[in-house]
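Peer 1: I'd like to ask some things about the structure below.
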Amino acid sequence: MKHFLLSLINIIKTNEIMKIAKDEIDVKMQIPGAVLRVKTDFGDATGFGKISGEYFSLAQGVDTTPLFIGLEGNLCQCPHWGYIVSGQVTTTDASGAEETVNSNDLFYWPAGHNVKVIADAEIVMFSPQHEHIHVIDHMIEMTKG
Numbered sequence: 001m002k003h004f005l006l007s008l009i010n011i012i013k014t015n016e017i018m019k020i021a022k023d024e025i026d027v028k029m030q031i032p033g034a035v036l037r038v039k040t041d042f043g044d045a046t047g048f049g050k051i052s053g054e055y056f057s058l059a060q061g062v063d064t065t066p067l068f069i070g071l072e073g074n075l076c077q078c079p080h081w082g083y084i085v086s087g088q089v090t091t092t093d094a095s096g097a098e099e100t101v102n103s104n105d106l107f108y109w110p111a112g113h114n115v116k117v118i119a120d121a122e123i124v125m126f127s128p129q130h131e132h133i134h135v136i137d138h139m140i141e142m143t144k145g
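When we follow the UniProt record's numbering, the leftmost residue of the sequence shown carries the number 1, and every step to the right adds one.
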């Protein structure tokens, strides 16, 4: 609790953004079936550094597997914390274990995963900025084919 209060005091002192509307978040990547919005410098999680606040709109059938080829283990190597506003998403880890999250679920995805969208999904996520921007930049390069 002490760390939370210190972080809150720091946010207030530095006038950091504490909320932002979806439409105010810059689109970082847009491809058929997927829109990724990323707000960098959206807080600080001690141990991880700066955090990105992200809003993903993903269509049924989106599969990150081919986009992560070339990353360590061909998997996203960034942890994420988030909330499924609507839809259904399944993650697969390096061991092949699957986990499905549904509308109104909170989730934590550790580093080392792929994502498949089972039903059109709206997702709010928070990720370590440095690690996730690296993954998103890699995905953008992969779509240039």
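Beta carbons are placed, not taken as given, at the ideal position from N, Cα and C, and that holds for glycine.
#1: Taking only runs that begin and end inside the segment 29-105, name each unbroken beta strand (DSSP E) of 3 or more residues, in chain order.
#2: Rounded to a whole number of angstroms, what is the C-alpha to C-alpha distance between E72 and I118?
#3: Leaving out five residues on either side along the sequence, give the residues of the same chain with a beta carbon under 7 Å from the beta carbon of L8.
#4: Give the DSSP-derived three-state secondary structure of D120 in the structure shown.
#5: Who are the near neighbours of I12 in its chain, counting only those whose CB is closer than 8 Å to its CB and skipping five residues on each side?
#6: According to the Cβ coordinates, are I51 and T143 closer than 9 Å?
#7: Does the distance from the CB of N74 to the CB of N102 come in under 9 Å?
#8: Once the 5 residues before and after Y55 are set aside, which same chain residues still bring their CB inside 6 Å of it?
#9: At what residues does the alpha helix (DSSP H) containing E131 begin and finish?
#10: Assign T65 to buried or exposed, taking buried as 16 or more other Cβ atoms, counted over all protein chains shown, within 10 Å of its Cβ.
#11: Which same chain residues end up closer than 8 Å to H130 when comparing Cβ atoms and leaving out the 5 residues on each side of it in sequence?
#12: Got a sec? Which residues, its chain only, sit under 8 Å from P128 by beta carbon, not counting five neighbours each side?
Peer 2: Reading it off the structure:
#1: 34-39, 49-58, 80-93, 98-102
#2: Taking the straight line from one Cα to the other gives about 25 Å.
#3: Confidence at L8 is low in this model, with a pLDDT of 43, below 50, so the placement of that residue should be treated as unreliable; the coordinate-derived value is given next. Excluding positions up to five away in sequence, the list is empty.
#4: Note: D120 maps to strand in three-state DSSP.
#5: With a pLDDT of only 40 at I12, under 50, the local geometry of the prediction cannot be trusted, and the value read off the model is given with reservation. Excluding residues within five positions, none has a Cβ falling inside 8 Å.
#6: Not in contact: I51 and T143 (Cβ atoms no closer than 9 Å).
#7: no
#8: K22, I25, R37, V124
#9: 129-143
#10: exposed
#11: If the five residues before and after H130 are omitted, its C-beta is found closer than 8 Å to the C-beta atoms of G49, K50, all from its own chain and listed in chain order.
#12: Once the five neighbours on either side are set aside, the close Cβ partners of P128 are A45, F48, G49, K50, I51, S52, C78, P79.
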